[in-house]
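See structure below.
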Amino acid sequence: MSVILLALDSVSAAVEQRLRALSAGYDLVITRNAETIASLLEDTVVATGHIGLEQVLAMPRLRWYQLWGAGAEWLMDHPQLQERELVITNASGVHAIPISEHLMAMMLALARQIPAAVR
């Protein structure tokens, strides 16, 4: 059976239930166990989470890889992956608003000398 591999420590029960409903017809596996991941490489068609380049290269049936961060060049520029029909997506922009809000809060805190007052 085709595997959807989420190389994560865990997800909430509600999220897992929703993912299983959306992935009917696939074997959804959520694990960080290296041996389990290694045993699934041949059958994985969708993957995300803590998976390195060597593991991605060892997934001959992989069709979609979702990165958690923004930088995907390390995958997109790899010669072996350029020959495949592999969709690589990333999470670019997902943190734009929280980072902007944090930056504004830090600027206001420094302008009002809050760090010095706390000490």
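Under this note's numbering, the residue at position 15 of the sequence shown is numbered 221, and the numbers go up by one with no gaps. Heads up, the beta-carbon is just placed ideally off N, CA and C, and yes, glycines get one too.
Boundaries for ALA219: no beta strand (DSSP E) harbours it, while the alpha helix (DSSP H) harbouring it runs 219–228, taken from the DSSP string.
The criterion of a C-beta distance shorter than 8 Å is satisfied by VAL251 and SER208. Around TRP274, the same chain offers ALA297 as residues with beta carbons nearer than 6 Å, after the five sequence neighbours per side are excluded.
Secondary structure of TRP270 (DSSP, three-state): strand.
Pairing ILE236 with VAL262 gives a Cβ-Cβ distance that is not under 8 Å.
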